[in-house]
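Chains as they are written, first to last, in the numbering used here: chain A, 1 to 263; chain B, 264 to 531.
Ideal Cβ positions, reconstructed from N, Cα and C, are used throughout, including at glycine.
Here is the structure:
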């Protein structure tokens with residue numbers, strides 16, 4: 001009798017990793033079913049974490065231009081988002097952080113029309129503000145004894161890191177390969193890492209918390225962000241309008257301000 | 264005696280409660296059934312024997328065993344102090360020990376960084392001495408100890424409280440030294456809680472994810488334990504992630520069986 005309860009708890013404890021990583025996924029579950037009338041429309045946009053700040057602003061601008069439309073965002077890592085989209089989560093617009101992720105959604109028939117590139121991002125090197133290891137170049141960061149942190153090759157920013165290393169002719173030897181660029185940034189802002197490879201937009205967001213070292217070969221690994229309305233969008237009209245707004249002058253200005261490039 | 268006749272017949276819970284209880288069991292087991300059902304068995308051998316998976320499994324087993332050992336060394340004295348020593352604020356202290364159970368593990372990882380990171384409260388002094396903990400296997404063990412120690416302490420406290428201290432009082436009154444009393448009376452009294460607590464501690468350490476990825480980082484062979492490998496694998500191959508997580512479930516089941524399988528010894 002005493003043995004049963006701990007036995008079940010053991011299973012729960014051991015399964016913890018299986019249950020993590022779904023934190024951002026619940027926002028879309030509680031769609032109010034009331035707005036089937038022509039009046040109020042709630043547009044649901046699934047967007048990559050790196051876009052969240054810029055898209056908040058774009059959403060406000062869009063709402064101002066389209067009275068009666070409310071835009072809300074489900075923000076998560078791109079691989080989480082695409083799994084949710086393919087599984088039929090109630091979304092109108094999808095904007096992941098890279099083309100291969102969008103291709104998975106296209107392959108599953110979840111996308112309406114052809115995805116369009118709307119922003120680009122490149123990597124940069126960041127160090128803690130006091131730059132304890134005296135990093136002035138990627139070669140410095142690749143040197144032995146330097147705590148360099150980068151993304152794992154399995155995630156988009158890790159692919160970009162590998163391309164950058166090839167273009168620079170350097171063998172990077174990170175002490176940690178993170179699952180997300182946010183984790184890389186966190187290791188640098190906390191001072192654990194001497195240097196980290198993140199996107200320029202992450203460096204811009206971190207502001208004073210990091211020191212940015214410009215990279216000679218940054219343009220060799222350009223990451224492109226695609227956007228598309230979804231095939232099962234509840235509000236196809238406003239969804240297309242939102243995509244046009246992101247691609248339009250006002251949307252591009254907000255993205256440019258956040259550090260994104262034009263595709 | 265009429266009492267002894269009925270003692271062997273277990274008291275059945277009300278039927279309605281049993282039905283709800285089965286539902287509760289389903290809430291736990293159903294996701295695992297789905298997990299197993301979703302695995303492509305033909306790919307399983309190759310997935311489980313990849314160098315990355317084997318490194319992750321080996322690292323997970325080594326660090327979880329080390330963390331369990333550290334928890335035993337720290338947890339037994341801590342549980343004894345909290346249950347047997349009268350001091351002001353004891354009930355507050357007993358609640359505080361449970362904090363790692365309540366905070367999200369990621370916050371635990373941030374807390375560990377604030378304490379033992381290069382710029383942390385303790386870590387900055389260690390750094391001066393040339394000791395850096397982050398990005399090492401030691402950091403993984405520390406994260407595991409942080410999250411799993413409360414499991415051991417709670418189990419031991421329960422066992423110490425239900426037993427009371429009458430046996431120890433007797434031993435002391437008969438002239439046994441406190442050390443001998445601890446060894447020959449207290450420790451055996453703790454045995455049931457110790458076993459359950461150790462298994463729980465090991466299992467929690469095995470499943471530890473959030474504090475590890477935040478505090479220790481993620482590098483194959485050094486800090487990327489099985490849960491971190493599962494999380495990373497999921498980015499490119501969700502099916503492989505599921506297969507790997509089965510490995511965790513199997514290891515946990517093996518531990519339970521080892522610990523409880525032959526435990527038919529009656530206590531009391």
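- Check the DSSP bridge columns for residue 486 (chain B) and list the partner residues they point to. Numbered from 1 along the second chain, position 223 holds the residue referred to as residue 486 (chain B). None, per the DSSP bridge assignment.
- Can you grab the Cα-Cα spacing for the pair residue 208 (chain A) / residue 115 (chain A), in whole Å? Taking the first chain and counting its residues from 1, the one referred to as residue 208 (chain A) is at position 208. Taking the first chain and counting its residues from 1, the one referred to as residue 115 (chain A) is at position 115. If you take the alpha carbons of residue 208 (chain A) and residue 115 (chain A), they lie about 35 angstroms apart.
- Query: Per DSSP, what kind of secondary structure is residue 36 (chain A) in: helix, strand or coil?
  - Reply: Counting from 1 along the first chain, the entry for residue 36 (chain A) is found at position 36. Since pLDDT at residue 36 (chain A) reaches only 40, below the 50 mark, its modelled position is unreliable, and no value is offered.
- Is residue 226 (chain A) helix, strand or coil when you go by DSSP? Numbered from 1 along the first chain, position 226 holds the residue referred to as residue 226 (chain A). Residue 226 (chain A): strand per DSSP, three-state reduction.
- Query: Taking one C-beta from the region 485 to 496 of chain B and one from the region 385 to 393 of chain B each time, how about it: are there three or more such pairs within less than 8 angstroms?
  - Reply: no
- Item | Run of the alpha helix (DSSP H) containing residue 391 (chain B), from where it starts to where it stops | Position 128 of the second chain, counted from the start, is the residue given in the question as residue 391 (chain B). Taken as a continuous stretch (DSSP letters only), the alpha helix (DSSP H) holding residue 391 (chain B) covers 386 to 391.
- Where the alpha helix (DSSP H) through residue 116 (chain A) begins and ends: Counting from 1 along the first chain, the entry for residue 116 (chain A) is found at position 116. First-last for residue 116 (chain A): 116 to 127, but that is the beta strand (DSSP E), not the alpha helix (DSSP H).
- Ordered along the chain, which non-local residues of its own chain (more than five positions away) have a Cβ less than 6 angstroms from that of residue 341 (chain B)? Numbered from 1 along the second chain, position 78 holds the residue referred to as residue 341 (chain B). Answer for residue 341 (chain B): 416, listed in chain order.
- Item | Contact the region 500 to 508 of chain B vs the region 161 to 168 of chain A: 3+ CB pairs below 8 angstroms | no
- Which full runs of the alpha helix (DSSP H) of 4+ residues lie inside the region 127 to 178 of chain A, going along the chain? 138 to 142 and 156 to 168
- Pick out the complete alpha helix (DSSP H) segments inside the region 291 to 334 of chain B, 4 residues or longer, and give them in chain order. 307 to 311
- Does DSSP put residue 212 (chain A) in a helix, in a strand, or in coil? The residue labelled residue 212 (chain A) in the question sits at position 212 within the first chain. Note: residue 212 (chain A) maps to strand in three-state DSSP.
- Query: Which residue comes first and which comes last in the beta strand (DSSP E) that contains residue 72 (chain A)?
  - Reply: Along the first chain, read from residue 1 onward, the residue named residue 72 (chain A) stands at position 72. First-last of the beta strand (DSSP E) with residue 72 (chain A): 69 to 76.
- Task: Figure out for me which residue from B:275, B:465, B:294 and B:280 has the closest Cα to the Cα of residue 532 (chain B).
- Result: With chain B represented from 264 up to 531, any question about residue 532 (chain B) goes unanswered, as that position is not in the structure.
- Query: Leaving out five residues before and five after residue 170 (chain A) in sequence, what residues of the same chain have Cβ atoms less than 7 angstroms from its Cβ?
  - Reply: Residue numbering aside, residue 170 (chain A) sits at position 170 when the first chain is read from its first letter. Correct list, in chain order: 138, 139 and 142.
- Query: Taking Cβ positions only, does residue 154 (chain A) come closer than 7 angstroms to chain B?
  - Reply: Translated into positions along the first chain, residue 154 (chain A) becomes position 154. Residue 154 (chain A) counts as touching chain B.
- Query: Taking Cβ positions, are residue 346 (chain B) and residue 420 (chain B) nearer each other than 7 angstroms?
  - Reply: Within the second chain, residue 346 (chain B) is the residue found at index 83, counting from 1. Within the second chain, residue 420 (chain B) is the residue found at index 157, counting from 1. Cβ atoms of residue 346 (chain B) and residue 420 (chain B): closer than 7 angstroms.
- Message: Between B:276, B:480 and B:522, which has its C-alpha nearest residue 152 (chain A)'s C-alpha?
- Response: The residue you call residue 152 (chain A) lines up with position 152 of the first chain. That would be B:480, whose Cα lies nearest to the Cα of residue 152 (chain A).
- Output, in sequence order along the chain, the residues in the region 122 to 150 of chain A whose CB is closer than 8 angstroms to any CB in chain B. 147 and 149
- To the nearest angstrom, how far is it from the Cα of residue 408 (chain B) to the Cα of residue 461 (chain B)? Position 145 of the second chain, counted from the start, is the residue given in the question as residue 408 (chain B). Position 198 of the second chain, counted from the start, is the residue given in the question as residue 461 (chain B). Using only the alpha carbons, I get a separation of about 12 angstroms.
- Query: Less than 7 angstroms separating the beta-carbons of residue 410 (chain B) and residue 368 (chain B)?
  - Reply: Locating residue 410 (chain B) in the second chain gives position 147, counting from the first residue. Locating residue 368 (chain B) in the second chain gives position 105, counting from the first residue. Cβ distance < 7 angstroms, so residue 410 (chain B) and residue 368 (chain B) count as in contact.
- When the cut-off is 7 angstroms and only beta carbons count, does residue 481 (chain B) lie next to chain A? Position 218 of the second chain, counted from the first residue, corresponds to residue 481 (chain B). Yes, its Cβ sits closer than 7 angstroms to a Cβ of chain A.
- Environment of residue 551 (chain B) [buried if 16+ CB atoms lie within 10 Å]: Here chain B covers residues 264 to 531 and nothing more, so residue 551 (chain B) does not appear.
- Query: Can you round the beta-carbon distance between residue 43 (chain A) and residue 92 (chain A) to whole angstroms, since I take them to be within the 8 angstroms contact cut?
  - Reply: Within the first chain, residue 43 (chain A) is the residue found at index 43, counting from 1. Within the first chain, residue 92 (chain A) is the residue found at index 92, counting from 1. Rounded, the Cβ-Cβ distance is 5 angstroms, consistent with contact.
- Starting from residue 476 (chain B), find everything on chain A with Cβ-Cβ shorter than 8 angstroms and list it in chain order. One-based indexing of the second chain puts residue 476 (chain B) at position 213. Those within 8 angstroms of residue 476 (chain B) in chain A are 178, 179 and 183.
- Item | Any C-beta of chain B under 7 angstroms from that of residue 190 (chain A) | The count along the first chain starts at 1 and reaches residue 190 (chain A) at position 190. At least one chain B Cβ lies under 7 angstroms of residue 190 (chain A).
- Going straight from the alpha carbon of residue 61 (chain A) to that of residue 68 (chain A), what length do you get? Here the question's residue 61 (chain A) lines up with position 61 in the first chain. Here the question's residue 68 (chain A) lines up with position 68 in the first chain. Those two C-alpha atoms are separated by around 13 angstroms.
- Message: Going by C-alpha to C-alpha distance, which of A:100, A:189 and A:109 sits closest to residue 350 (chain A)?
- Response: Absent from the structure is residue 350 (chain A), since the part of chain A shown begins at 1 and ends at 263.
- Query: Would the beta-carbon of residue 261 (chain A) fall within 7 angstroms of that of residue 120 (chain A)?
  - Reply: Your numbering for residue 261 (chain A) matches position 261 in the first chain. Your numbering for residue 120 (chain A) matches position 120 in the first chain. Taking 7 angstroms as the Cβ cut-off, residue 261 (chain A) and residue 120 (chain A) qualify as a contacting pair.
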